[in-house]
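Read through the structure below, which is laid out as structure tokens, and then see the notes.
Residue numbers (the working numbering): 35 to 103.
Have a look at this one:
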């Protein structure tokens, strides 16, 4: 379960960074730009992905500590 949370966190982190790169540089990268319902909210969605990545990494870390007891 820890590995799955870490993988999802890595994917969220990557997509958040790529979404911000797209918003500020205009380069066509990331999944956020492809989702039509996020038109105009790309930066907010990318920041939300970065926050979600932090939460997933924290959950993975706490999950790892529980298994060591």
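Ideal placement from N, C-alpha and C gives every residue a C-beta, glycine not left out.
Contact check, residue 76 vs residue 53, beta carbons under 8 Å: yes
Straight-line Cα distance separating residue 78 from residue 41: 22 Å
Residue range of the unbroken alpha helix (DSSP H) whose run includes residue 69: No alpha helix (DSSP H) contains residue 69, which DSSP labels as neither H nor E.
Contact under 8 Å by Cβ, residue 39 with residue 90: yes
Cα-Cα separation between residue 93 and residue 59, rounded to whole angstroms: 32 Å
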